[in-house]
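FYI, the numbering for the sequence shown is -29 to -1, 1 to 441, going by mature numbering (1 follows the signal peptide of the UniProt record, and there is no 0). Glycine is no exception: its CB is placed at the ideal position from the N, C-alpha and C atoms. All of these numbers come straight from a predicted model, not from anything done at the bench.
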Amino acid sequence: MLLSEMRVMKTWVESLCVNLLLLLHTVNSVRYEVIGPSDPITADAGDDIILPCYLKPNISAEDMKVQWFRVRHNILEPGTLVHLYEDGRDQNEDQILSYKGRTALFKEEMKKGNTSLKLRHVHGYDDGFYQCLVQSKSWYEEARIQLQVKAVGSQPVVSIEGHRDGGMGLLCESKGWSPEPELEWLDSKGVSLSSGSTETHRDPEGFYTVRLNVVVKETDSFICRLRQTHLRVLMDTEIHVPGELFDHTIPLTVSICVIVSVLATALLVIIWFIWKFKKKGQFINELRQHKVEVTLDPDTAHTALVLSDNKKEVRCDVMNQEEHPAGPKRFDEHECVLGVQGFKSQSFYYEVKVEGEEDDDWRVGVALESANRNGNLTMSPADGFWVLGKMWRSKNRYKAFTSPPVTITWTEKLRKVGVFVCNEERHVSFFDAETRSHIFTLTECNFTGKLFPLFYIYSFHTLSSSLSIL
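Okay, here's the thing in structure tokens:
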């Protein structure tokens, strides 16, 4: 009897051990994965982008360590931290400087296993591979994500450099591209010309500038062709090189005739400009009769903005954002601030002085009191915004935020902008207050409430750029 009970007990213990081993094996065989997209993520320069990364199965990552790195030369190197979340909070003291103030995790989504990274104001140097690494106390996994930044640069600019190697030197240049484009010189028949190698360099934001020289021996029309296959962009710029440039012995009488003709034309142009400037001046003076007092409202200012003591000037400091109480009045994603004064059922005018670098981003205009100030804003009239701004990274190119947006090329850099709201005719007009020229007018505006002056500025050059109310 005792022997039989011992055999039963032995069998039960063996069975229990087997079951425990099976249970442990089952627990250990549960595999947690960090999943990212297999295809590259594409983004237009200046946009906000999300780099997807999540846990599978969807367990909470709130108590885990989440790290995002740049991957260069297919390896992780020191000093490549993009974002760090640890012990329940962001810890970005060792973050790459160019990412300061531009990265964020979705804290509410982390409980669902979402460890995606939001990257703001994408620029050229953001292009490349990223590593999303998630670590718990017992395991870690990672995923690699590729970001491709797209930027359409400037129309090729062609210039004559003068006599060189028995001919005439031509230079073709284009700026602001990602990825890098190709340049080619052609004659008037479309035949490719022998030229040197393309000179390439990257600007402070990582966008490509390309230059290509060629020496031509005779008069003709020549074409500089730019091609960017990935963006499906083809641009041509044509220049005619007259035969006189190849002749160093132009007769004196011809030279005198040319000089007299040029001087006469210049005199007529000067007279026309004086008349036109006086006419413009009268118009601007009429607008200034509607000029109103505007001061900045700190309760609406994004945390990256720094206002002057007199509330007449705003600068951007994304590196040292201050803590401010959140609220429906404050812009939480876009670096905007409104004026204190609101206007309804009246026309008004104000002027803004603009100071900054070529790669800064600024906008001025008006917004409805009821316009949404949270999240990613289009700043279009449909959302209660009537705005004109500088195109990021572009020299003398601006944008009216209509639907769709309208690109405006200006002859000079805008340094002083006038904003006029005509309530009777329901339009918002923008002026170059220095040259007293009209820039653009948004018509058929739906003013359904009180309007407030709006100012937006974003700069990578800490505190060096500003908008000042005049």
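What does a CB cutoff of less than 7 Å around residue i pick up in its chain, not counting 5 residues either side in sequence?
i      : result
Thr380 : Asn367 and Arg368
Met35  : Val105, Gln106 and Ser107
Arg173 : Gly95 and Tyr179
Gly72  : Ala275, Val289, Met290 and Gln292
Tyr321 : Lys262, Val263, Val265, Val390, Pro424 and Ile440
Asn63  : His54 and Leu55
Leu75  : Per the sequence presented here, residue 75 reads as Ala, with Leu not at that position. Result list for Ala75: Lys89, in chain order.
Please name the residue in the options whose C-alpha comes closest to that of residue i.
i      : options                           : result
Val285 : Val37, Phe178 and Asp268          : Asp268
Gly59  : Arg41, Ser69, His211 and Met81    : Met81
Lys78  : Lys421, Glu415, Arg397 and Leu55  : Leu55
Ser341 : Ile210, Lys421 and Trp357         : Lys421
Val129 : Val186, Trp110, Thr74 and Asp136  : Val186
Leu205 : Val212, Ser279 and Arg196         : Arg196
Phe401 : Met350, Arg334 and Pro375         : Arg334
Ser9   : Glu132, Leu118 and Ala404         : Leu118
Gly167 : Lys300, Asp97 and Cys143          : Cys143
Pro213 : Phe193, Arg203 and Leu202         : Phe193
Gly327 : Gly137, Glu112, Lys387 and Asn85  : Lys387
Thr378 : Gly84, Phe411 and Gln62           : Phe411
Ile116 : Ser165, Lys89, Asp65 and Glu209   : Lys89
Asn85  : Lys27, Val53, Ile131 and Glu132   : Lys27
Phe418 : Val399, Asp403, Glu405 and His409 : Val399
Leu202 : Pro152, Lys160 and Glu189         : Pro152
Kindly give me the distance between the Cβ atoms of residue i and residue j, rounded to whole angstroms, as I take these residues to be in contact under 8 Å.
i      : j      : result
Leu309 : Ala353 : 19 Å between Cβ atoms; not a contact.
Asn347 : Glu304 : 6 Å
Lys121 : Asp15  : 5 Å
Asp158 : Asp191 : 6 Å
Leu425 : Gly336 : 5 Å
His273 : Phe302 : 5 Å
Gln199 : Pro150 : 7 Å
Leu22  : Ser69  : Rounded, the Cβ-Cβ distance is 16 Å, inconsistent with contact.
Ser163 : Glu170 : 18 Å between Cβ atoms; not a contact.
Leu413 : Trp357 : 5 Å
Tyr3   : Trp110 : 6 Å
Ser318 : Val392 : 6 Å
Glu383 : Arg397 : Not a contact, Cβ separation roughly 30 Å.
Ala114 : Ile6   : 6 Å
Phe372 : Met350 : 5 Å
Asn184 : Gly140 : 6 Å
Leu385 : Val325 : 6 Å
Gly161 : Val93  : The Cβ separation is near 37 Å, so there is no contact.
Tell me the DSSP bridge mates of residue i?
i      : result
Cys287 : Leu276
Phe411 : Phe401
Phe333 : It should be noted that the sequence gives Trp, not Phe, for residue 333. In the DSSP output, where bridge partners are listed per residue, Trp333 has Ile428.
Lys146 : Answer by DSSP bridge pairing: none, since Lys146 is not bridged.
Ser437 : Arg286 and Glu326
Gly50  : Partner(s): none; Gly50 has no beta bridge.
Ala75  : Lys89
Ala297 : BP columns for Ala297 are empty, so no partner.
Lys27  : Glu4
Ala338 : Phe356 and Phe423
Ala114 : Cys103
His305 : Its beta-bridge partners do not exist; DSSP assigns none.
His172 : Thr180
Leu153 : Looking at the sequence shown, residue 153 is not Leu but Glu. According to DSSP, Glu153 bridges with Arg198.
Lys370 : Gly360 and Thr378
Glu209 : Ile194
Beta-carbon within less than 6 Å of residue i's beta-carbon, same chain only, minus the 5 sequence neighbours each way: which residues are those?
i       : result
Ser31   : Lys82
Arg91   : Asp19 and Arg73
Tyr429  : Cys287, Glu306 and Asp332
Asn345  : Asp303
Asn(-2) : Caution applies to Asn(-2), whose pLDDT of 45 falls short of 50 and renders its modelled position unreliable; the model cannot decide the point.
Gln38   : Leu55 and Leu104
Pro376  : Lys370
Ser435  : none
Given residue i, which residues of its chain have a CB within under 8 Å of its CB, disregarding the five upstream and five downstream residues?
i     : result
Thr51 : Phe40, Arg41, Val42, Arg43 and Ile67
Asp98 : Leu118, Gln119, Val120, Ser149, Pro150 and Gly177
When you compare the CB of residue i with every CB in chain D, is at least one pair closer than 7 Å?
i      : result
Lys188 : This model lacks chain D altogether; it includes just one protein chain.
Three or more beta-carbon pairs under 8 Å between the stretch 118 to 132 and the stretch 177 to 194, yes or no? yes
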